[in-house]
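Under this note's numbering, the first residue of the sequence shown is numbered 805, with each subsequent residue one higher. Idealized CB from N, CA, C, for every residue including glycine. Quick notes on the structure that follows.
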Amino acid sequence: MKLLTSANELQELLEAERAEGKTIGFVPTMGALHEGHLSLVDLAKQNSNVVVVSIFVNPLQFSPGEDFDKYPRSLEADSKLLIENQVDYLFAPSTNDIYPNGTEITQRAGVVGATFEGASRPGHFDGMLTVVNRLMEIVEPDAVVFGEKDAQQVFLVRKLIGAKFKDCLFVEGPTLREPSGLAMSSRNRYLSKPGLSAAETISQHLLQLKAELESGTAQSEAISTHATAIETSAQTKLEYLAVIDPQIFRPVDDNYRGAAKIIVAAKVGEVRLIDTMNVTIGKQ
Ligand code: AMP
């Protein structure tokens, strides 16, 4: 595996790969890698000849007071994992390489970008789309892989790729979970013992909610029951729990039938976690 910090050097090497007829698969990350990230690497391998993983903690997608400074950074351990997983290129750029003209927002996430995660984290999705756009311009991949755990991110990035990078295949990877059901996340390492069990309880609520929706309980009733239960759990501050139509990323009403997503965000102690689960409403 080659580790590169310069966008120009990476581009030259990828140009040489393309000249040999190789296709490029790309997995953007913020590092502190876990098996969830590695499952995306596998998907990139299945869809291309050469795999690039980027590690960049993007200052533009963190608001003042969020955990940008505290976000886990473990480049050495990450690079070891990526070597073991036969990644070809690790791109770990500096902020200057990504934003040579200064940290300026170039992409806007629009109306959907202001709801749910965007309501809790104003500007987050503009910053996220700006970095994804920049990384896509540098890497010019044939396939790019994102995890469906970040449901709203996937919704917005798919739109960006469809509009600006039409020739790139968009691949969505399923969420990898701990045996307890907790979605793997770089932030899980900051959970205390009671925090961990509170976080596990939230994923159990998601599973119960999914079962209830599939057996015909009205979503308003199911959401209200589980939101109350989560809100009253020790250590937990619920930010949102909703069932959305994945085509438009808006809450469904009780008459809705078909594919939906349950989405949740909560702060457990100081750690902010999000999760999602697919559900088919009306499936008996
Ligand atoms: P992050 O490093 O958290 O920005 O995540 C990088 C990519 O990994 C994103 O596309 C995430 O959706 C994806 N990802 C994060 N957690 C998981 C997980 N548990 N399973 C699968 N993909 C994940």
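Closest by C-alpha distance to arginine 991, out of Lys1014, Glu813 and Leu837, is Leu837. Between serine 858 and proline 832, the C-beta spacing is below 8 Å. Under the three-state reduction of DSSP, serine 1001 is assigned to helix. Around lysine 826, the same chain offers Asn853 and Val854 as residues with beta carbons nearer than 6 Å, after the five sequence neighbours per side are excluded. The Cβ atoms of phenylalanine 950 and valine 958 sit closer than 8 Å to each other.
Of the heavy atoms belonging to the ligand AMP, none sits nearer than 7 Å to the Cβ of glycine 1020. The Cβ neighbour count for glutamine 865, taken over all protein chains shown within 10 Å, is at least 16; the residue is labelled buried.
Ranked by how close their Cα comes to the Cα of alanine 987, the residues Val975, Ser996 and Ala1003 have Ala1003 in first place. If you look at serine 858, you'll find it in the beta strand (DSSP E) that goes 854–859.
Apart from the 5 residues on each side of it in sequence, valine 845 sits with its Cβ closer than 7 Å to the Cβ of Val831, Val855, Val857, Asn889 and Val891 in its chain, given in chain order.
Within the same chain, and ignoring the five residues on either side of arginine 877 in sequence, the residues whose Cβ sits closer than 8 Å to its Cβ are Gly835, Ala836 and Val861.
Our two residues, phenylalanine 929 and alanine 1046, have alpha carbons roughly 19 Å apart in a direct line. Secondary structure at leucine 939: helix, using DSSP grouped into helix, strand and coil. Between the C-alpha atoms of glutamine 1051 and tyrosine 994 there is a straight-line separation of about 33 Å. Note on the segment 884–959: whole beta strand (DSSP E) runs with a minimum of 3 residues are 893–895 and 947–951, in chain order.
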